[in-house]
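Undergrad: Numbering (my numbering), first residue to last: 16 to 347. A virtual CB, placed ideally from N, CA and C, is assigned to each residue, including glycine.
Below is the structure:
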């Protein structure tokens with residue numbers, strides 16, 4: 016659940032930079048026609064293998080090229096700002112942030128699922144016996160106090176019997192993603208940190224939180240207006256990405272995927288070469304890029320966000336076309 020909360024007022028202003036309102040095209044249905052726009056950019060945030068692998072696979076296998084698309088994957092700090100401002104066409108964005116932005120009137124919509132579940136794993140140093148032992152010590156819960164990410168982990172820790180309420184910890188937020196956090200923890204520079212399932216064998220410590228939630232993690236996001244003006248492009252992009260996810264989820268493709276990602280500059284540790292460790296990444300994805308409305312409802316409740324009708328933040332017509340074209344089994 017990685018996210019950088021950007022004030023929604025900034026997003027709304029960014030979306031007003033000379034783009035006159037356009038009349039949406041009728042929703043496209045049936046067979047997928049020629050792409051309306053062929054050069055695309057997708058925004059990703061953290062340089063970790065699990066998040067980027069399906070897109071890199073689709074690029075390497077030529078799945079986007081087969082759809083008549085030229086796709087560039089770019090790392091950005093604010094996906095939502097890039098989408099609203101027009102520098103990005105698609106983004107793998109934190110789902111609750113998209114819901115909040117859609118509710119605020121930015122025009123952003125979830126157009127397909129991406130990582131459809133969320134692992135919450137937090138580890139403490141061996142010498143930490145109780146929450147009070149963390150007083151004054153550096154802890155990393157993924158972001159800063161007051162952000163969705165930090166507060167959710169605080170709540171889940173409390174539910175797991177490791178309540179940090181009232182403990183004067185020293186929150187830190189380090190760059191570099193989860194692999195860097197693990198190294199800092201191993202060096203004793205962090206007393207508590209978020210890790211992911213693939214890191215469990217890498218750390219010597221005690222896991223005080225270890226749950227998998229059927230909550231939407233990242234979702235494929237775009238402006239509703241963009242989708243309405245480029246329905247075939249959107250359907251083709253989703254179709255190619257589904258193919259990339261299928262390869263990623265195939266255990267027989269592990270060696271190929273990790274060789275590719277190393278060549279692209281992503282870190283693959285020796286431990287991550289073990290099949291049971293590698294499998295933790297693909298587990299977060301569904302074959303059909305579908306969405307779970309109940310998962311959204313539960314997550315919004317936990318985050319104490321106002322309930323929002325599922326249709327108010329999704330725009331799934333082109334996902335359906337891509338699924339139908341591939342004949343993939345859809346989420347019930």
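(1) Check the C-beta distance from residue 371 over to residue 238 and give it rounded, since I have them as a contact under 8 Å.
(2) Here's the rule: buried if 16 or more other CB atoms are within 10 angstroms of the residue's CB, otherwise exposed. What is residue 324?
(3) Measure the alpha-carbon distance for residue 137 versus residue 155 and round it to whole angstroms.
(4) Do residue 105 and residue 252 have their beta-carbon atoms positioned less than 8 Å apart in this structure?
(5) Could you check how far apart the C-beta atoms of residue 262 and residue 139 are, in whole angstroms? I think they sit under 8 Å.
(6) Using a Cβ-Cβ cut-off of 6 Å (strictly less than) and excluding sequence neighbours within five positions of residue 295, which residues of its own chain qualify?
(7) Could you tell me the distance, in whole angstroms, from the CA atom of residue 337 to the CA atom of residue 244?
(8) Where do the N-terminal and C-terminal ends of the beta strand (DSSP E) with residue 208 fall, by residue?
(9) Give the DSSP-derived three-state secondary structure of residue 238 in the structure shown.
(10) For residue 167, would you say it is in contact with chain D, using Cβ-to-Cβ distances shorter than 8 Å as the test?
(11) Leaving out five residues before and five after residue 340 in sequence, what residues of the same chain have Cβ atoms less than 8 Å from its Cβ?
(12) Determine, using beta carbons only, whether residue 62 and residue 259 come nearer to each other than 8 Å.
(13) Quick one: complete alpha helix (DSSP H) runs, 4+ long, within the region 88 to 143?
(14) Following the continuous alpha helix (DSSP H) through residue 225, name the residue where it begins and the one where it ends.
(15) Count the other CB atoms within 10 Å of the CB of residue 327; is the residue buried (16 or more) or exposed (fewer)?
(16) Is it right to say residue 110 is buried, meaning 16 or more other beta carbons lie within 10 angstroms of its own, or is it exposed?
(17) If residue 160 sits next to residue 186, beta carbons under 8 Å apart, how far is it from one beta carbon to the other, in whole angstroms?
(18) Mind checking whether residue 70 and residue 329 have CB atoms under 8 Å apart?
(19) Taking residue 276 as the reference, which of 310, 66 and 207 has the closest Cα?
(20) Going by the CB atoms, is the gap between residue 288 and residue 273 shorter than 8 Å?
(21) Opposite residue 154 in the DSSP bridges: which residues?
(22) Mapping the DSSP letters down to three states, classify residue 169 as helix, strand or coil.
TA: Looking at the coordinates:
(1) Because the chain spans 16 through 347 in this model, residue 371 falls outside it and cannot be assessed.
(2) exposed
(3) 9 Å
(4) yes
(5) Not really, about 37 Å apart at Cβ, beyond 8 Å.
(6) 212 and 213
(7) 17 Å
(8) 207 to 210
(9) strand
(10) Note that chain D does not occur in the displayed structure, where there is just one protein chain.
(11) 46, 47, 250 and 254
(12) no
(13) 94 to 100 and 110 to 118
(14) Where residue 225 is concerned, there is no enclosing alpha helix (DSSP H), although the beta strand (DSSP E) it sits in stretches over 221 to 228.
(15) exposed
(16) buried
(17) 6 Å
(18) no
(19) 66
(20) yes
(21) 186 and 207
(22) helix
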